[in-house]
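Read through the structure below, which is laid out as structure tokens, and then see the notes.
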Amino acid sequence: MHKTSSPLRFKMQWLYLPLWLSLPIAGCHARPSVMQNPPSIVALINSTTEMICAVPNEQLFHLGVYWYLRSKEGQEVHFVRFSKVTQKEASGDSRFDVSKEVFQNRHILKIRGLRPSDSGSYHCAVSQSLELLLGQGTELSVVRELPAPKNPTMETPKTKKKSRRCSSSGKPKPKGISCSELIWAPLVGCAALLTVFLAVVVRRFQRLRRRRQYFRKQALK
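Letter by letter, the sequence shown follows residues -30 to -1, 1 to 191 of mature numbering (1 follows the signal peptide of the UniProt record, and there is no 0).
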């Protein structure tokens, strides 16, 4: 039996890729086994950006990763790059460079000289036994100038009106009970008691005096 050569086999694989990529559009969702970061990128024209595709295990990592671009309208799908550990040079546009981190099972897509036509949703995919494992995608927007950051509206803090109190001139009075209050309070109480006691004594003395005068008058008669 005649075996298909590896370059021809690769061509056949990526020729069938648009058919596989149409599955999510038709409503068939692959298992979310491939992770992509970051979820979105905003970059300037002619700049460089990169995105990461992490596969769940070493076996899938060695199978290789397809990168493709879906336009913002979602109608066109373009093959971007194919990367495999055993393959020294990746296939595709030279502006799109793919590097591999073997120990972390990650493929990194770097895009140089960004153009407005590079905008869209980038997805990485791994094909295993006629099953397509898709990443959730990275949305890339290529702009001529970065949007200005939105400044939050600065609200002037409302100043609380302080109630004015008429304070007596001189040193401020210390809070709490002062020593003078502790001393004078008992003295005032004692003075009040003495005043009442003296009033009672004077009244009784006046009564006794009146009685003596009364008895003297009676004795003289």
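No residue lacks a Cβ here, since even glycine has one placed at the ideal position from N, Cα and C.
Do residue j and residue i have their beta-carbon atoms positioned less than 8 Å apart in this structure?
| i | j | result |
| --- | --- | --- |
| G83 | N27 | no |
| C51 | V25 | A small correction: the amino acid at residue 51 is Arg; Cys does not occupy that position in the sequence shown. Result no, Cβ atoms of R51 and V25 do not sit closer than 8 Å. |
| R85 | V112 | yes |
| V96 | V4 | yes |
| Q98 | L30 | yes |
| S87 | E109 | no |
| L79 | W37 | yes |
Residue i bridges to which residues according to DSSP?
| i | result |
| --- | --- |
| H77 | C23 and K70 |
| T108 | Y92 |
| E43 | Answer is none; E43 lacks a bridge partner. |
| H48 | L39 |
| I98 | The residue you asked about is not Ile; residue 98 is Gln in the sequence shown. Per DSSP, E101. |
| I11 | L110 |
| D53 | At residue 53 the sequence reads Ser, which differs from the Asp that was named. Paired residue(s): V35. |
| Q6 | C23 |
Using the C-alpha atoms, what's the distance from residue j back to residue i?
| i | j | result |
| --- | --- | --- |
| A155 | L168 | 20 Å |
| S89 | R114 | 12 Å |
| S41 | F66 | 17 Å |
| S64 | L104 | 23 Å |
| A189 | V170 | 29 Å |
| N7 | A13 | 15 Å |
| L33 | T19 | 25 Å |
| I(-6) | K54 | At I(-6), the pLDDT of 39 sits below 50, so the modelled position is not reliable; the number obtained from the coordinates is stated separately. Roughly 26 Å between the two C-alpha positions. |
| R174 | V166 | 13 Å |
| L163 | V172 | 14 Å |
| L39 | K120 | 30 Å |
| C94 | I11 | 16 Å |
| L100 | V35 | 14 Å |
| R182 | Q176 | 10 Å |
| K187 | L178 | 15 Å |
| F185 | I153 | 49 Å |
| Q106 | I22 | 11 Å |
| G159 | R180 | 32 Å |
| Q(-18) | L116 | Confidence at Q(-18) is low in this model, with a pLDDT of 46, below 50, so its placement is unreliable and the value that follows should be read with caution. Looking at the two C-alpha atoms, the distance is approximately 38 Å. |
| E46 | K70 | 27 Å |
| E43 | I81 | 21 Å |
| H48 | P9 | 19 Å |
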